[in-house]
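K.L.:
2 protein chains.
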Amino acid sequence: MAICFHFQSPLKPITFHPSTTKGVPIFRCKASLPTITTTTEPEPLFTSVKSFAPATVANLGPGFDFLGAAVDGLGDFVSLSIDSSVRPGHVSISEISGSSKLSSNPLFNCAGIAAIATMKMLNIRSFGLSLKLEKGLPLGSGLGSSAASAAAAAVAVNELFGAKLGVDQLVLAGLESEAKVSGYHADNIAPAVMGGFVLIKSYEPLELKPLIFPKSQELFFILVSPEFEAPTKKMRAALPAEVGMPHHVWNCSQAGALVASVLEGDVVGLGKALSSDKIVEPKRAPLIPGMEGVKKAAIKAGAFGCTISGAGPTAVAVIDDEEKGKEIGQRMVEAFLEVGNLRSVAMVKRLDRIGARLIDSVPR
Amino acid sequence: MAICFHFQSPLKPITFHPSTTKGVPIFRCKASLPTITTTTEPEPLFTSVKSFAPATVANLGPGFDFLGAAVDGLGDFVSLSIDSSVRPGHVSISEISGSSKLSSNPLFNCAGIAAIATMKMLNIRSFGLSLKLEKGLPLGSGLGSSAASAAAAAVAVNELFGAKLGVDQLVLAGLESEAKVSGYHADNIAPAVMGGFVLIKSYEPLELKPLIFPKSQELFFILVSPEFEAPTKKMRAALPAEVGMPHHVWNCSQAGALVASVLEGDVVGLGKALSSDKIVEPKRAPLIPGMEGVKKAAIKAGAFGCTISGAGPTAVAVIDDEEKGKEIGQRMVEAFLEVGNLRSVAMVKRLDRIGARLIDSVPR
Chain Y
1 MAICFHFQSP LKPITFHPST TKGVPIFRCK ASLPTITTTT EPEPLFTSVK
51 SFAPATVANL GPGFDFLGAA VDGLGDFVSL SIDSSVRPGH VSISEISGSS
101 KLSSNPLFNC AGIAAIATMK MLNIRSFGLS LKLEKGLPLG SGLGSSAASA
151 AAAAVAVNEL FGAKLGVDQL VLAGLESEAK VSGYHADNIA PAVMGGFVLI
201 KSYEPLELKP LIFPKSQELF FILVSPEFEA PTKKMRAALP AEVGMPHHVW
251 NCSQAGALVA SVLEGDVVGL GKALSSDKIV EPKRAPLIPG MEGVKKAAIK
301 AGAFGCTISG AGPTAVAVID DEEKGKEIGQ RMVEAFLEVG NLRSVAMVKR
351 LDRIGARLID SVPR
Chain P
1001 MAICFHFQSP LKPITFHPST TKGVPIFRCK ASLPTITTTT EPEPLFTSVK
1051 SFAPATVANL GPGFDFLGAA VDGLGDFVSL SIDSSVRPGH VSISEISGSS
1101 KLSSNPLFNC AGIAAIATMK MLNIRSFGLS LKLEKGLPLG SGLGSSAASA
1151 AAAAVAVNEL FGAKLGVDQL VLAGLESEAK VSGYHADNIA PAVMGGFVLI
1201 KSYEPLELKP LIFPKSQELF FILVSPEFEA PTKKMRAALP AEVGMPHHVW
1251 NCSQAGALVA SVLEGDVVGL GKALSSDKIV EPKRAPLIPG MEGVKKAAIK
1301 AGAFGCTISG AGPTAVAVID DEEKGKEIGQ RMVEAFLEVG NLRSVAMVKR
1351 LDRIGARLID SVPR
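Here the protein sequences come in this chain order: Y and P.
The numbers in the numbering used here rise by one with no breaks, and the one at position 113 of the first sequence is 113.
For the numbering used here, count along the second sequence from 1 and bump the result up by 1000.
#1: To the nearest angstrom, report how far apart N1341 of chain P and S1081 of chain P are at their CA atoms.
#2: Let's test the definition: count the other Cβ atoms within 10 Å of the Cβ of P363 of chain Y and tell me whether it reaches 16, buried, or not, exposed.
#3: Express the C-alpha separation of N251 of chain Y and V198 of chain Y in angstroms, rounding to a whole number.
#4: Output needed for K1295 of chain P: all residues of its chain with C-beta closer than 6 Å, excluding positions within five of it in sequence on either side, in chain order.
#5: DSSP state of E227 of chain Y, grouped into three classes?
#6: Could you say if the region 1308-1327 of chain P and the region 1137-1154 of chain P meet the contact criterion of at least three C-beta pairs nearer than 8 Å?
#7: Does the Cβ of V268 of chain Y have 16 or more other Cβ atoms within 10 Å, making it buried, or fewer, making it exposed?
#8: What are the residues in the region 192-204 of chain Y lying within 9 Å of chain P by C-beta distance?
#9: Taking 8 Å as the threshold (beta carbon to beta carbon), is G256 of chain Y in contact with chain P?
#10: For G355 of chain Y, does the count of other Cβ atoms within 10 angstroms reach 16, so buried, or fall short, so exposed?
#11: Quick one: residues in its chain with C-beta nearer than 8 Å to the C-beta of F1064 of chain P, no 5 flanking neighbours on either side, listed in chain order?
#12: Is the CB of L239 of chain Y under 8 Å away from at least one CB in chain P?
#13: So, does the CB of F1304 of chain P fall closer than 8 Å to a CB anywhere in chain Y?
#14: Consider the Cβ of G310 of chain Y: report whether some Cβ of chain B lies at a distance smaller than 8 Å.
#15: Which of the three DSSP states is assigned to M347 of chain Y in this structure?
#16: When DSSP builds the beta bridges, which residues end up paired with F220 of chain Y?
#17: My output table needs one value for G1355 of chain P: the three-state DSSP class, helix, strand or coil.
#18: Expressed to the nearest angstrom, what Euclidean distance is found between the alpha-carbon atoms of R1353 of chain P and L208 of chain Y?
#19: Of all the residues that make up the region 113-141 of chain Y, which are near chain P by a beta-carbon distance shorter than 7 Å?
#20: Flag this pair as yes or no: are the beta carbons of I319 of chain Y and I308 of chain Y separated by less than 8 Å?
#21: Taking its Cβ as the centre, do 16 or more other Cβ atoms sit within 10 Å of E178 of chain Y, making it buried, or is it exposed?
#22: Identify every residue that forms a DSSP beta bridge with V1362 of chain P.
#23: Give, in chain order, every residue of the region 82-112 of chain Y whose Cβ lies closer than 9 Å to some Cβ of chain P.
#24: Just checking: is the beta-carbon of A317 of chain Y within a distance shorter than 8 Å of some beta-carbon in chain P?
#25: Could you tell me which whole beta strand (DSSP E) segments of length 3 or greater appear in the region 1041-1099 of chain P?
#26: List, in order along the chain, the chain P residues whose C-beta lies closer than 9 Å to that of L211 of chain Y?
#27: Quick check on the burial criterion: 16 or more other C-beta atoms within 10 angstroms. Buried or exposed for G1040 of chain P?
#28: Which residues mark the beginning and the end of the beta strand (DSSP E) in which S130 of chain Y is found?
#29: Decide if P44 of chain Y is buried, meaning its Cβ has at least 16 other Cβ atoms within 10 Å, or exposed.
#30: Ordered along the chain, which non-local residues of its own chain (more than five positions away) have a Cβ less than 6 Å from that of M347 of chain Y?
#31: Would a C-beta distance cut-off of 8 Å place A1317 of chain P and A1303 of chain P closer than the cut-off?
#32: Can you grab the Cα-Cα spacing for the pair A156 of chain Y / L219 of chain Y, in whole Å?
#33: So what does DSSP say about P1205 of chain P, is it helix, strand or coil?
#34: List the endpoints of the continuous alpha helix (DSSP H) containing G1293 of chain P.
#35: Does the region 224-233 of chain Y come close enough to the region 1223-1236 of chain P that 3 or more CB-CB pairs lie under 8 Å?
#36: Name the one or two DSSP bridge partners that P1210 of chain P has.
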């Protein structure tokens, strides 16, 4: 599938200011703006940088394939440095920690693909880069592991060369990676780059709508990951090709309610909408042992809603109180064991409102 | 289909204060609250009342069957008086103006059915009522004609007896009428009663979510009604029974974008989302001569978006400026004639933010 890069006539670059602190306004980006590539090669501002990109929860029930949210304090790190031993215009992956399954060939590694795509956008021809990836996320957990790597890499390259690209372009660079790894879907990569909730309005051209959850409200995701593999391809194959009109109308209305709940900071409404999917979750949940029991346990324990995170197998529930979230997580872990005979781990994490960011840098 | 009245144990009634002036906060109602009927028969506060209920635009493109909005300055009037010549507990329709096609048998008239349903909810046994209906809306135009009559009647009865019922119950009374006339759909009756945009979250129980369009923003509907009959049944029959997954995801995402645009007061985004339906409009538009050309003409003239209002044949476009709206309306009228060989009339109307209300009363 073609990547919709729009290398149009050069315009004034959209500067992407790194968000290194909390409280930075969430970006309002329209990726339908002409995507810009620099005509002249930018100079690096740093000899090395380190970036972080958060985990993401995609789908969110009726938000299937167009809505995702970023999760605070959980994600991947990319360290990137100018390396004269690397062929100019190329990336070399020097180290991967936190996972033994990933290729160090940058053409087959999420971080590598996104780094190369970002370098191409920036027109980097004179510098070779060395990349170190620290996986803070398990692979195939339904928490946007590939998107976190890609987002961290795209941001690292962009920051190293003076942040010439806007978030829309960083999402496009990440999408190139996602397309090769898990499909052309932006519902992980967009919130991984931008933070918060992001609605994917369209792909051709790419249009992204940040949905700003009010700062005055607290939102916690309870993420319970079982020891179980739920390959995205298998979970995609479980989807129905056609949807009956009543279910279509139902899910559309719940998607609308979900969006309204996010914008209004209504965690109860958000949970209820999250739980209401009649199309995707009913097909996928039976493929994850214990998932239906876990959802029931979460709701019984006080969660406002629960569904499958991404394509699974992680279960995601929502609540507005961290302590209560821990209790609910415990009940969900018990249910995975009792009903699904699966061991699992629970985490309670805030909504990440920032997205991928620079966390360290060494000036030239 | 059963009406989901929930006559549970009596609780403190939700008082529905009439909104007779602009600027009244829009009601936040949860129809999932227990529906309340009075145990004792209330005394009438007035000898007669007059009410108004606005026209409504349902569907709004990807909001098919769950989203509607009320239109200012266009609607139906109901005058209601205590009449000792009418059998206690009953309604007699004494006059219908503005239409020659409606039955004066209250059991077959939208206003009559809603009035009787409201009287039952209020437990009215000792008073007979005489009802006069003034149709300000053409029938079968896709502007919620039946809902306007029902909403006006329900509000009139409620106000006459001291406004004991909440908006949720008035919507349920109106739904009884809608179910008999055009189907069990609340996307006209809910905004007709409540004003503004209303999202129908569920029917069992009925849950309504008002979507508050910011007061600081202007929104105009350009309504162009051709001389053409588009029976709701025929338009329903045109709908596909099944929806392909890609179109389902697309329409869901646009529904989400539509809801976000309403809440953010983004008329451009609202128009774009309104125009984006890939499921219903493509099936129905060809049944209304010229509709596709009218949509193109509206967009070309500067409208932010255009679709079919309700089940048609009225075309609805949106804009943020009244004068511009009139120009667009003229282009749409021309297109209906040129492309569809249909004469039509254009109106430019503001969003109604109030809904059905008392406009006159004579105290006892």
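The beta-carbon is built from N, C-alpha and C at its ideal position, and this holds for glycine as well.
Please read these numbers as outputs of a predicted model, since none were measured by experiment.
P.N.:
The structure says:
#1: One C-alpha to the other measures close to 45 Å.
#2: Exposed, because fewer than 16 other Cβ atoms sit within 10 Å of the Cβ of P363 of chain Y.
#3: Cα-Cα distance, rounded: 18 Å.
#4: Cβ-Cβ distances below 6 Å link K1295 of chain P to C1306 in the same chain, with the five nearest sequence neighbours on each side left out; the list follows chain order.
#5: Three-state result, E227 of chain Y: coil.
#6: The answer is yes - the region 1137-1154 of chain P touches the region 1308-1327 of chain P, with three or more Cβ pairs under 8 Å.
#7: With a threshold of 16 other beta carbon atoms within 10 Å, V268 of chain Y falls short and is exposed.
#8: Of all residues in the region 192-204 of chain Y, L199, I200, K201, S202 have a Cβ within less than 9 Å of some Cβ in chain P.
#9: Flagged as an interface residue toward chain P: G256 of chain Y, by a C-beta distance shorter than 8 Å.
#10: Its Cβ being crowded by 16 or more others within 10 Å, G355 of chain Y is buried.
#11: Cβ neighbours of F1064 of chain P beyond the five flanking positions: N1251, D1277, I1279, V1280.
#12: Under the 8 Å criterion on CB atoms, L239 of chain Y is classed as interfacial with respect to chain P.
#13: The beta carbon of F1304 of chain P sits no closer than 8 Å to any beta carbon of chain Y.
#14: In the displayed structure, chain B is absent; the protein chains listed are Y and P.
#15: If DSSP states are grouped into helix, strand and coil, M347 of chain Y belongs with the strands.
#16: Y:I319, Y:R350.
#17: Three-state DSSP puts G1355 of chain P in coil, outside helix and strand.
#18: Roughly 29 Å separates the two Cα atoms.
#19: Within the region 113-141 of chain Y, no residue has a Cβ that lies closer than 7 Å to any Cβ of chain P.
#20: A distance of 8 Å or more separates the beta carbons of I319 of chain Y and I308 of chain Y.
#21: By the 10 Å Cβ count, E178 of chain Y comes out buried.
#22: Under DSSP, V1362 of chain P shares a beta bridge with P:S1048.
#23: Listed in chain order, the positions of the region 82-112 of chain Y with a beta carbon within less than 9 Å of a beta carbon of chain P would be empty, since no residue qualifies.
#24: Chain P contact via Cβ: absent.
#25: The region 1041-1099 of chain P contains, as complete beta strand (DSSP E) runs of 3+ residues, the segments 1046-1058, 1067-1082, 1091-1097 (chain order).
#26: Below the 9 Å Cβ cutoff, chain P contributes G1256, A1260 as neighbours of L211 of chain Y, in chain order.
#27: In the sequence as presented, Gly is not what sits at residue 1040 of chain P; that position holds Thr. Of the residues assessed, T1040 of chain P falls on the exposed side of the cut-off, its CB having fewer than 16 other CB atoms within 10 angstroms.
#28: Looking at the DSSP string, the run of the beta strand (DSSP E) that includes S130 of chain Y is 129-134.
#29: By the 16-neighbour rule on beta-carbons within 10 angstroms, P44 of chain Y is buried.
#30: L223, listed in sequence order.
#31: Between A1317 of chain P and A1303 of chain P, the CB-CB gap stays under 8 Å.
#32: Their Cα atoms are separated by approximately 28 Å.
#33: Coil, per DSSP.
#34: Bounds of the alpha helix (DSSP H) holding G1293 of chain P are 1291-1300.
#35: A contact between stretches requires three or more CB pairs, one per stretch, nearer than 8 Å, and the region 1223-1236 of chain P fails this requirement with the region 224-233 of chain Y.
#36: According to DSSP, P1210 of chain P shares a beta bridge with P:V1198.
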